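First up is the structure itself, then whatever we jot down about it.
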Amino acid sequence: MDSDLSLEALAGLRQSMGQEAWRKASDVAQVVANYLRCHPKVESVRYPGLKADPLFEEASHKLVGGFGPFVRYRVAGEWRMLECEPGDAKETVLALEHMLKRGSSS
Numbered sequence: 396m397d398s399d400l401s402l403e404a405l406a407g408l409r410q411s412m413g414q415e416a417w418r419k420a421s422d423v424a425q426v427v428a429n430y431l432r433c434h435p436k437v438e439s440v441r442y443p444g445l446k447a448d449p450l451f452e453e454a455s456h457k458l459v460g461g462f463g464p465f466v467r468y469r470v471a472g473e474w475r476m477l478e479c480e481p482g483d484a485k486e487t488v489l490a491l492e493h494m495l496k497r498g499s500s501s
């Protein structure tokens, strides 16, 4: 997928975000990626924190404190990218569920 960020770019983002914000955003992204992986309308999910992701092995050695805030997912043949913010993962998942039920783009 063309919009994938490299692990080097993610490591650089971690430095600019700061350790605590990175960890919190990564925690939210991990929950969101697992939610999307199980959603019937989602065809595919890319997140380096998922063991099935092609970057997981390398990311688990290169990224410290989480796998980053970006989750990519495909719905109706279209790739979308979500940047998760530090906060409550439940709120993000509920917003995604509402959006996916409506069928609108993110």
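Per the numbering used here, residue 396 is the first one in the sequence shown, and the count goes up by one each step. Ideal Cβ positions, reconstructed from N, Cα and C, are used throughout, including at glycine. Remember, predicted model here, so these are calculated numbers, not experimental data.
Three-state secondary structure (DSSP) at residue i?
| i | result |
| --- | --- |
| Leu431 | helix |
| Glu403 | helix |
| Glu480 | coil |
| Val459 | coil |
Under a Cβ-count criterion, where at least 16 other Cβ atoms within 10 Å of its own Cβ denotes burial, should residue i be classed as buried or exposed?
| i | result |
| --- | --- |
| Asp422 | buried |
| Val459 | exposed |
| Glu419 | The amino acid occupying residue 419 in the given sequence is Lys; Glu does not appear at that position. Answer is buried; the Cβ neighbour count reaches 16. |
In the DSSP assignment, find the alpha helix (DSSP H) that holds residue i and state where it starts and stops.
| i | result |
| --- | --- |
| Glu492 | 484–497 |
So residue i is in the beta strand (DSSP E); what residue range does that whole segment cover?
| i | result |
| --- | --- |
| Phe465 | 465–470 |
Hey, how far is the Cα of residue i from the Cα of residue j?
| i | j | result |
| --- | --- | --- |
| Ala490 | Glu438 | 19 Å |
| Tyr442 | Lys496 | 22 Å |
| Lys446 | Met412 | 24 Å |
| Arg469 | Leu477 | 11 Å |
| Pro435 | Ala471 | 11 Å |
| Arg467 | Ser455 | 18 Å |
| Val427 | Thr487 | 7 Å |
In the DSSP output, which residue or residues are listed as bridge partners for residue i?
| i | result |
| --- | --- |
| Glu473 | Val470 |
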